[in-house]
Amino acid sequence: MLEVTRLTGEALDAALPELARLRIDVFRAFPYLYEGDLAYESKYLRSYRQNQNAILVAVRDDDRIVGAATGMPLADHADASELTGPMPPVEKIFYCAESVLLPEYRGHGLGHAFFDAREAEARRQGFDYTLFCGVVRSEDHPDRPEGYRPLDAFWRNRGYAKADGVTATFCWTDLGNRDETPHLLQAWIRQLD
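Counting from 1 along the sequence shown, just add 6 to a position and that's the residue number in our numbering.
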């Protein structure tokens, strides 16, 4: 039986190694193709423990974490400095940093549960917008799996739109590479009602 819960305090601390491994496993797939680094992931996830306005929602299948989503005020997130382009003031934006879910658990409404939880938290804290970034890969990328469908339609159905001209560039090591390279991400935004 799947259970969606918010992780805080000691429960979050205990889950950090498993969450770090989950992020690496999910982000290895296209379009991210992320080689992964456990030390980096653990440090990154600790920022959610240290910020009282952050949210980390996990999905458990019995005792195993199979998915997670994170969010915090954009002004508090390290990614804020990487975003360029015209957008509302960062103080009005809640950042939905990532959603990761093992493939066998997709298609059962958990993606909606992740967004519902983060958007509810953004409203509770008085934010006007939610924003996230999705990696941009070319249509003819050699590692693009046959039949790959981007999540654009899902995001649009949630009320998100591409934030015209708002992008970020992050560096990470792609699978099979030795060095980090820059990757373009497109921001998507939604005005909360």
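A virtual CB, placed ideally from N, CA and C, is assigned to each residue, including glycine.
Note that the coordinates shown come from a computational prediction; the quantities given were computed from them, not determined experimentally.
Integer-rounded CB distance, given that residue j should sit under 8 angstroms from residue i
| i | j | result |
| --- | --- | --- |
| G73 | V65 | 4 angstroms |
| A128 | F100 | 3 angstroms |
| R52 | L25 | That belief does not hold up - the Cβ atoms of R52 and L25 are roughly 10 angstroms apart, past 8 angstroms. |
| G117 | L107 | 7 angstroms |
| A84 | S105 | Contact doesn't hold; Cβ gap of about 18 angstroms is too wide. |
Test: residue i CB closer than 8 angstroms to a CB of chain C
| i | result |
| --- | --- |
| I30 | In the structure shown, chain C cannot be found, because there is only a single protein chain. |
Best match in the options for proximity to residue i [C-alpha to C-alpha]
| i | options | result |
| --- | --- | --- |
| V172 | R27, V141, R155 and D180 | V141 |
| F176 | D170, R130, A193 and E125 | A193 |
| M86 | P156, S105 and L137 | As written in the sequence, residue 86 is Ala, which differs from the Met given in the question. A86 has its Cα closest to that of L137, out of P156, S105 and L137. |
| L18 | F36, L198, R27 and Y54 | Y54 |
| L8 | E16, V63 and A35 | V63 |
| L44 | Q56, F36 and I30 | I30 |
| L89 | G182, L181, D199 and A169 | A169 |
| E16 | Y50, Q56, D122 and A119 | Q56 |
| G132 | L198, T11 and Q58 | L198 |
Neighbourhood of residue i by C-beta, 8 angstroms cutoff - its chain only, sequence neighbours within 5 removed
| i | result |
| --- | --- |
| A167 | W194, I195 and R196 |
| I71 | A21, E24, L25, L28, A64 and V65 |
| Y111 | L8, V65, D67, V72 and G73 |
Those residues which DSSP pairs with residue i across a bridge
| i | result |
| --- | --- |
| T76 | L62 and E104 |
| L190 | T175 |
| L137 | Y101 and I195 |
| Y40 | D180 |
| V10 | V65 |
| A167 | I195 |
| R200 | No answer is possible for residue 200: it lies beyond the span of the chain, which begins at 7 and ends at 199. |
Start-to-end residues for the alpha helix (DSSP H) that takes in residue i
| i | result |
| --- | --- |
| L116 | L116 to R130 |
| G15 | G15 to F33 |
| N57 | Element bounds for N57: n/a, residue is neither H nor E. |
Where the beta strand (DSSP E) through residue i begins and ends
| i | result |
| --- | --- |
| A81 | Where A81 is concerned, there is no enclosing beta strand (DSSP E), given that its DSSP letter is neither H nor E. |
6 angstroms CB neighbourhood of residue i in its chain, flanking five on each side removed
| i | result |
| --- | --- |
| C139 | A174, L191 and A193 |
| A60 | Y54 and M78 |
| Y38 | V141 |
| E125 | T136 |
Beta-carbon contacts of residue i that lie in its chain and below 7 angstroms, excluding the five residues immediately before and after
| i | result |
| --- | --- |
| E97 | A81 |
| T200 | Coverage of the chain is limited to positions 7 through 199, which leaves residue 200 absent and any answer about it impossible. |
| Y154 | F36 |
| E47 | A26, R29 and I30 |
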